[in-house]
Amino acid sequence: MSEAPAAPRTVSAERTGTSLLLTPPQPRSGWRLLPARVVAMCAVELQKLRHDRTELYTRAIQPALWLLIFGQTFTRIRAIPTGGIPYIDYLAPGIIAQSAMFIAIFYGIQIIWERDAGILNKLLVTPTPRSALITGKAFAAGVKSLIQAVVVIVIAAILGVSLTWNPLKLLGVGLAVVLASAFFSCLSMSIAGIVLSRDRLMGIGQAITMPLFFGSNALYPVAIMPGWLQVVSKINPLSYQVDALRGLLLGTPSHLGLDFGVLAVAAALGVTAASSLLGRLAR
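Residue numbering for the sequence shown follows my numbering, beginning at 117 and increasing consecutively.
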């Protein structure tokens, strides 16, 4: 009695199995890895804040003092022309931008620490593009700055600052904070790629934060600045962030199209510069 013939394997199954053995699956391209890396980096930063909220509390002290002491004092003496709005209201968007910048401008210290711990070299040998790594870190800094901005907005509301609660405008505020923080974090990582040392980066960061802050429209209108400082303010991305925040939160005259355009271009240039210097940092 003859055996029953075995069922023939389908051609498609044979081809599929053979093709998988001979040709491994193509790795995802950089543009597919970019969103995943951004989300992963943001998740890591949120996990850090979840386990240790001390940073949020300590970083809230300085903006609270700016609003409580500097803002209320200059509101009483009316020494700075603000277009008819209380000075503390005028100051609040500038303090939001300042507190976000102070978080992002020292972000390069973290990437130097990752290099010293050997984490950066491990990341660079993965198929993830360098631009994806930098973009992920930049927007992770944006998330941390956004949380800080929410804290400052709550403090400002408690102090009686008249802010808008329009959801669309608040989304615009979040976008402005994230874009500006992405630029300043990339600036910090670019400096890290040049100086290669945490101590040097800390010194340079401290040296440029105050000029960036005082050379913007965060504390006073551009119109009352001396001519040379007006030039500095016009090339300072922080000025465009503050202008966007004032227009969205207070309804003052602003140039939102120009502001967001400058912030987007600055963030893109920052990612490009930091990505090109990342290899030097890992040597």
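Beta carbons: idealized from backbone N, C-alpha and C, even for Gly.
Residues in the same chain with beta-carbon distance under 8 angstroms from residue i, minus the five sequence neighbours each way, listed in chain order, please.
i      : result
Leu345 : Gly331
Leu317 : Phe222, Gly224, Ile225, Ile228, Ser304, Ile307, Ala308 and Val311
Ser313 : Ile228
Arg194 : Tyr203
Just how far apart, CA to CA, sit residue i and residue j?
i      : j      : result
Gly386 : Ala298 : 8 angstroms
Ala334 : Ser355 : 7 angstroms
His371 : Val241 : 43 angstroms
Leu394 : Gly309 : 6 angstroms
Glu230 : Leu236 : 5 angstroms
Leu207 : Trp281 : 18 angstroms
Pro143 : Pro243 : In this prediction, Pro143 has a pLDDT of 48, which is less than 50 and means its spatial position is unreliable; what the coordinates show is noted afterwards. In a straight line, the C-alpha of Pro143 is about 8 angstroms away from that of Pro243.
Ser278 : Val267 : 16 angstroms
Ile104 : Thr251 : This structure cannot settle anything about residue 104, because the visible part of the chain is limited to 117 through 399.
Ala216 : Ala265 : 7 angstroms
Ser392 : Leu249 : 12 angstroms
Pro369 : Arg192 : 24 angstroms
Leu284 : Leu184 : 28 angstroms
Ala382 : Ile196 : 30 angstroms
Ile201 : Leu361 : 15 angstroms
Leu138 : Thr388 : Note that Leu138 has pLDDT 48, beneath the 50 cutoff, so the model's placement of it is unreliable and no number is given.
Thr325 : Ala152 : 31 angstroms
Val287 : Asp359 : A small correction: the amino acid at residue 287 is Leu; Val does not occupy that position in the sequence shown. Their backbone Cα atoms lie some 15 angstroms apart in a straight line.
Ser301 : Gly321 : 11 angstroms
Val311 : Gly319 : 11 angstroms
Ala398 : Val160 : 21 angstroms
Ile351 : Gly276 : 32 angstroms
Val347 : Ala384 : 22 angstroms
Gly343 : Lys238 : 49 angstroms
Please list, in chain order, all residues of the same chain as residue i whose beta carbon is under 7 angstroms from its beta carbon, the five residues on each side excluded.
i      : result
Ser349 : Gly331, Ser332, Asn333, Val338, Met341 and Ser355
Arg396 : Gly309
Gly199 : Thr368
Phe218 : Thr325
Pro353 : Ala296, Phe299, Val378, Leu379 and Ala382
Which of the three DSSP states, helix, strand or coil, is assigned to residue i?
i      : result
Thr134 : Annotation note: pLDDT 49 at Thr134 (below 50); position unreliable, no value reported.
Ala292 : helix
Asn333 : coil
Phe376 : helix
Ser278 : coil
Val338 : helix
Phe299 : helix
Phe110 : Only positions 117 to 399 of the chain appear in this structure, which leaves residue 110 out of reach.
Pro140 : Confidence in Pro140 is poor, its pLDDT being 47 and thus under 50, which makes the residue's placement too unreliable to answer from.
Asn352 : coil
Arg194 : coil
Pro245 : coil
Thr368 : coil
Of the choices the options, whose alpha-carbon is the least far from that of residue i?
i      : options                           : result
Gln357 : Ile227, Val268, Pro179 and Ala296 : Ala296
Val293 : Ile211, Leu181 and Phe190         : Ile211
Ala180 : Val381, Ile274 and Asn352         : Ile274
Lys253 : Asp359, Asp375, Gly377 and Val154 : Val154
Ile177 : Gly288, Val311, Ala323 and Val270 : Val270
Gly363 : Phe186, Arg175, Asp205 and Leu184 : Asp205
Trp182 : Pro209, Ala380 and Leu303         : Pro209
Tyr203 : Leu303, Pro151, Ala398 and Leu366 : Leu366
Arg175 : Leu287, Lys260 and Val160         : Lys260
Ala272 : Phe376, Phe186, Val311 and Lys238 : Phe186
Phe190 : Tyr336, Leu379, Gly343 and Asp359 : Tyr336
Leu291 : Val347, Ser313 and Phe376         : Phe376
I believe residue i touches residue j by the beta-carbon criterion, under 8 angstroms. Please report the beta-carbon distance rounded to the nearest angstrom.
i      : j      : result
Phe329 : Gln214 : 5 angstroms
Phe255 : Cys158 : 6 angstroms
Ala257 : Ala233 : Not a contact, Cβ separation roughly 19 angstroms.
Could you name the residues of the same chain whose beta carbon sits closer than 6 angstroms to that of residue i, not counting the 5 residues immediately before and after it, in chain order?
i      : result
Met305 : Gly224, Ile227 and Ala390
Could you tell me whether any non-hydrogen atom of the ligand ZN is closer than 6 angstroms to the CB of residue i?
i      : result
Gln178 : The ligand ZN is absent from the structure shown, which contains no ligand whatsoever.
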